[in-house]
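Numbering (this note's numbering), first residue to last: -15 to 262.
Glycine residues also receive a C-beta, built at the ideal position from the N, C-alpha and C atoms.
Presented below is the structure to which this report refers.
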Amino acid sequence: MSILVFVEPGDELSLQALSLAQSLGEVRAVSVGGVYAPAAWAAAIVAASDGADAIVAAGSDRGNELLAHVAARLDQPFAANVTAVDGDVVTRVRWGGSLLEQARLHGSPRILTVAPHTQPAAEAVAAEQLELPVDADTTVRVLETVAESSGGVSLRDAKVVISGGRGVGSSEGFGIIEELAELLGAAVGCSRVVTSAGWRPHADQVGQTGTKISADLYVACGISGATQHIAGAKGAKKILAINSDPEAPIFSTADYAVVGDLHEIVPAISAELRRVRS
Ligand SMILES: Cc1cc2nc3c(=O)[nH]c(=O)nc-3n(C[C@H](O)[C@H](O)[C@H](O)COP(=O)(O)OP(=O)(O)OC[C@H]3O[C@@H](n4cnc5c(N)ncnc54)[C@H](O)[C@@H]3O)c2cc1C
């Protein structure tokens, strides 16, 4: 089977997609340079896909957008967030991670993205750089890229994530969350209540409609544990919840529970970290 894989330089999720692709057949890795313009980039991928049995990319925002364009151009079905392929049956993540669906993927070539953090990363390969078609549609393109606010540590790839919810109380209240995150080299996350209130940007939101994390440790401070939030947090290996309500639903998901006021507990953890390190 011949597989065309779209990879982005330096992107861990692309290497995970490459890993699944390599298990399916002979891989040709391609990338597209310059300003991101989804329709134009998809046209370049379609032009390169002649003879490919499958087209694969990472299940990132960009990978999913790009292959949706590719599928529309080729008038073929598209399976997003696939975890396994067995013949023409794909297993894919649905409903924010609460359901694994098995579906028959008809069509040729097969077009699929690989669910983040479900495959080991492959060794990086030199990807062939595709040229944009001369008549490339660049009507929609990236004009500006705004860096994430989480202290330089990407929420998606962070080993430790410290998140705050409504219980933090205000945007200023996140000072103690940021302080702890800095001490641990962690990224700052939050719940949707927090982004809706404008206390943090949407880029910091963990959950079904936010980022799905895969940290070693997730610390949820003043977060109740709604299913839509847990959909983004459950990829963490361990969850520590700090909540003043002993009945908070998050405690049924958490590995470690601290019942109490986060405004006392979080600074106390930071103080203790400083003490043992001094
Ligand atoms: C379609 C859809 C998609 C959604 N997507 C997302 C998503 O991606 N991410 C997301 O987070 N939500 C999402 N939501 C919203 C979700 O349902 C919840 O409303 C939200 O997660 C609740 O946020 P919260 O836990 O901060 O607030 P609350 O549910 O109000 O919980 C606040 C918690 O803080 C505790 N608390 C209060 N004061 C303190 C204190 N001083 N110390 C310690 N604890 C304290 C309380 O006991 C309570 O448990 C989505 C909802 C829908 C319908």
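Boundaries of the alpha helix (DSSP H) in which residue i is found, first to last residue
{"i": "residue 0", "result": "-4 to 8"}
{"i": "residue 96", "result": "Note, residue 96: premise wrong, no alpha helix (DSSP H); beta strand (DSSP E) at 94 to 98."}
{"i": "residue 211", "result": "211 to 217"}
Beta strand (DSSP E) segment containing residue i, residue limits
{"i": "residue 88", "result": "83 to 88"}
{"i": "residue 76", "result": "73 to 78"}
{"i": "residue -12", "result": "-14 to -10"}
Under 7 Å between C-beta atoms of residue i and residue j
{"i": "residue 220", "j": "residue 202", "result": "yes"}
{"i": "residue 16", "j": "residue -11", "result": "no"}
{"i": "residue 14", "j": "residue 96", "result": "no"}
{"i": "residue 23", "j": "residue 121", "result": "yes"}
{"i": "residue 1", "j": "residue 77", "result": "no"}
Residue i: CB within 6 Å of a non-hydrogen atom of ligand 2
{"i": "residue 52", "result": "The model on display carries ligand 1 but not ligand 2."}
Contacts around residue i, its chain only, beta-carbon distance under 6 Å, and the 5 residues preceding and following it disregarded
{"i": "residue 81", "result": "215"}
Nonlocal neighbours in the same chain, by C-beta distance under 7 Å from residue i, ignoring five residues either side
{"i": "residue 156", "result": "none"}
{"i": "residue 161", "result": "146, 148, 152, 172, 205 and 250"}
{"i": "residue 233", "result": "208 and 209"}
{"i": "residue 284", "result": "Within the shown structure, residues of the chain are numbered from -15 to 262, placing residue 284 beyond reach of any answer."}
{"i": "residue 284", "result": "Nothing can be reported for residue 284: it is not among the residues displayed for the chain, which extend from -15 to 262."}
{"i": "residue 49", "result": "22"}
{"i": "residue 163", "result": "254"}
message: Which residues end up in the neighbourhood of ligand 1 when you take C-beta atoms closer than 5 Å to any of its heavy atoms?
response: Near ligand 1, meaning a Cβ closer than 5 Å to any of its heavy atoms, lie the following residues in chain order: 149, 150, 151, 175, 176, 177, 191, 192, 193, 194, 206, 207, 208, 210, 212, 213, 227, 228, 229, 232, 245 and 246.
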